[in-house]
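Student:
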Amino acid sequence: MEIVINTSPDNGSISVIEVEGRMDALSVGEFEEKVIPQCSVEGISGYIIDFAKLVYISSAGLRAILKVAKLCKEQGRKVAICNLSPDVHEVFKISGFDLIVTVCDNLDSAKSAVI
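When you read off a place in the sequence shown, starting at 1, and then add 3, the result is the number in my numbering.
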């Protein structure tokens with residue numbers, strides 16, 4: 004799995020986290036290690052997790068998303084997930100995660116959701 008975190012001034016107070024590859028029991032540790040510290044970065048009010056390049060997510064990946072969303076919410080920060088593939092979106096729907104975490108079709112709608 005590859006993770007790119009973009010906190011450039013172009014995004015304002017929003018951090019965009021791009022995840023590529025598979026998010027499963029083998030890779031979830033890397034996700035948590037890189038993303039959880041972002042939940043407390045000063046000056047960031049919202050986080051977008053962009054899954055445009057994510058091809059698979061397991062229950063371990065869903066737990067990691069829930070953990071990040073909970074930590075951010077505790078600190079008064081919003082989280083949105085965008086660009087889910089049909090397969091990943093189906094996992095979110097079946098598991099009910101689309102009712103727990105804000106899921107958006109694209110990056111622009113995700114930015115609106117976390118402002």
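For every residue, glycine included, the Cβ atom is placed at its ideal position computed from N, Cα and C.
Since we're looking at a predicted model, the values are computed, not measured.
For residue 17 versus residue 117, is the C-beta distance shorter than 8 Å?
Tutor: yes
Student: For residue 86, does the count of other Cβ atoms within 10 angstroms reach 16, so buried, or fall short, so exposed?
Tutor: buried
Student: Do the CB positions of residue 5 and residue 23 come within less than 8 Å of each other?
Tutor: yes
Student: Can you give me the C-alpha to C-alpha distance between residue 62 and residue 33, rounded to a whole angstrom?
Tutor: 15 Å
Student: From the DSSP output, which residues share a beta bridge with residue 113?
Tutor: Among the bridge pairs identified by DSSP, residue 113 is matched with none.
Student: On the DSSP letters alone, give me the boundaries of the alpha helix (DSSP H) that residue 72 sits inside.
Tutor: 62-77
Student: Would you grab the beta carbon distance between residue 84 and residue 58 for me? Rounded to a whole angstrom, and I think it's under 8 Å.
Tutor: Contact between residue 84 and residue 58 fails: their C-beta atoms lie close to 15 Å from each other, not under 8 Å.
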